[in-house]
Structures are given as C-alpha cells and as structure tokens.
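Residues are numbered in the working numbering as their position in the sequence shown, beginning at 1, plus a constant of 3.
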Amino acid sequence: MSGGIDSPVAAWMMMKRGCGVIPLHFTQGTVETEKALENCEVLAQYSYGWEMRPIVLSHAEVLEPTLRKLYQLGAGRWTCVFCKRLMLQEAVRIAKELDAQAVVMGDSLGQVASQTLDNIEVISWGIEKPILRPLIGMDKTEVTALARRIGTFDVSTRASAPCRYLPAEPITRASLGKFRELLAQLEAME
Numbered sequence: 004m005s006g007g008i009d010s011p012v013a014a015w016m017m018m019k020r021g022c023g024v025i026p027l028h029f030t031q032g033t034v035e036t037e038k039a040l041e042n043c044e045v046l047a048q049y050s051y052g053w054e055m056r057p058i059v060l061s062h063a064e065v066l067e068p069t070l071r072k073l074y075q076l077g078a079g080r081w082t083c084v085f086c087k088r089l090m091l092q093e094a095v096r097i098a099k100e101l102d103a104q105a106v107v108m109g110d111s112l113g114q115v116a117s118q119t120l121d122n123i124e125v126i127s128w129g130i131e132k133p134i135l136r137p138l139i140g141m142d143k144t145e146v147t148a149l150a151r152r153i154g155t156f157d158v159s160t161r162a163s164a165p166c167r168y169l170p171a172e173p174i175t176r177a178s179l180g181k182f183r184e185l186l187a188q189l190e191a192m193e
C-alpha cells in the first residue's frame, strides 16, 4: 500500500470480491506513510467482517543493502526492478507467516518503469505466491475515477516527495537472463 492512487484501488477491487486485505506499506517518509494509513482507514469501511491491520516496514532496510551492491556493479538502472522484486519477496514472506493466499499489487501495464511487461515478467519470476494485479489493463483515467468513487483520491493526490531511489534512466525492458546474472553477482558479493 503506497501513498499513491493505484494500490488503494487495487485493494478495494479485491475487497469487492470478498477478499480480506492486509495492507503492507514500505515507508520512505512520514507524509507517504500518513497517506497510506489514511487510505487504509478509508478502505476499512469496505472491509466487512475483516479488521484491516496495516503493516509498515522500512523501505531503506529492505532496499539499500542490495542497492549499494547494484551501484557497485554499475547496474543502478535496475533499481526499480530490484526494488519492486524485494518488496514482493517481503510481501510473500509476510503472506506465508499470516497464511495469506496471494499478494495484490497495484500495477497497471506501462504506467511506470517497473510496470512494463518485460519488467513485470522479471519481477514475478520464481515468486511462490499468486500475484493478483486487478488494475493491469486499466489506464490512469479509469483508476482515478475509481479512487474518487471509493474516497481515496484526495488523500492519494496530496503532495509528497518523489521516490529518492529512482534512477535517472530506469530500465524498462529487463531481460530475465541479465536479471539472473545480476542476482548471481549480488549473491557472490555477500
């Protein structure tokens, strides 16, 4: 559950289908976390019979050890792919602990660097839980309309700092072969 528009809408879409949702937020700062938690409060009104208990983790603790190594390898362009993958792996770990059956993501095809089909394939490779992406075929106009309808739009669009890890030129056409090669190099650095 980021502080943006997409993840609350994705959560709502799964709740609409009767799924209980456990929001997971990777904090980068107070404003984004406040927005994410406020959106959880809004979504709680749709959570019939299910108490929403958001989990907040440090984005820096999850990403920075790998990020340092990526830059040492001259692979900083891969930051968004590794970031999304690391968050997904952490979500899967928590899902297993809590006996959750799947992980929900707010991806919408082609909207940002990590959401190209090539990158989604790499990010999802080898993940041990189903990944549900209810927004995948929607454009920003459709997602925004739903955010307005469910009451999360105003919170999601409040100003906040951009991601501090975003590289100048993020990779948009990741290859699984190169990704696996980088993984092996990262493991060798441990």
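Cβ coordinates follow ideal geometry from the N, Cα and C atoms, glycine included.
Option nearest residue i by Cα separation, candidates the options
{"i": "T160", "options": "T147, G52 and I58", "result": "T147"}
{"i": "M4", "options": "I130, R151, A191 and D110", "result": "D110"}
{"i": "L46", "options": "W15, E67 and C83", "result": "W15"}
{"i": "V24", "options": "K38, R183 and L135", "result": "L135"}
{"i": "R80", "options": "A105, S50, P170 and Q31", "result": "P170"}
Range covered by the beta strand (DSSP E) that runs through residue i
{"i": "T30", "result": "L27 to T30"}
{"i": "E60", "result": "It is worth fixing the name first, because residue 60 is Leu in this sequence and not Glu. Here the beta strand (DSSP E) through L60 covers I58 to S61."}
According to DSSP, residues forming a beta bridge with residue i
{"i": "V125", "result": "Answer is none; V125 lacks a bridge partner."}
{"i": "I134", "result": "V106"}
Between the CA atoms of residue j and residue i - distance to the nearest angstrom
{"i": "E124", "j": "N42", "result": "29 Å"}
{"i": "A164", "j": "L73", "result": "23 Å"}
{"i": "G7", "j": "T155", "result": "9 Å"}
{"i": "L138", "j": "R152", "result": "15 Å"}
Cβ-Cβ separation, residue j to residue i (assumed contact under 8 Å), whole Å
{"i": "M55", "j": "P26", "result": "6 Å"}
{"i": "R176", "j": "D121", "result": "5 Å"}
Residue interval of the alpha helix (DSSP H) (run including residue i)
{"i": "L149", "result": "K143 to I153"}
{"i": "S10", "result": "D9 to K19"}
{"i": "V34", "result": "T33 to A47"}
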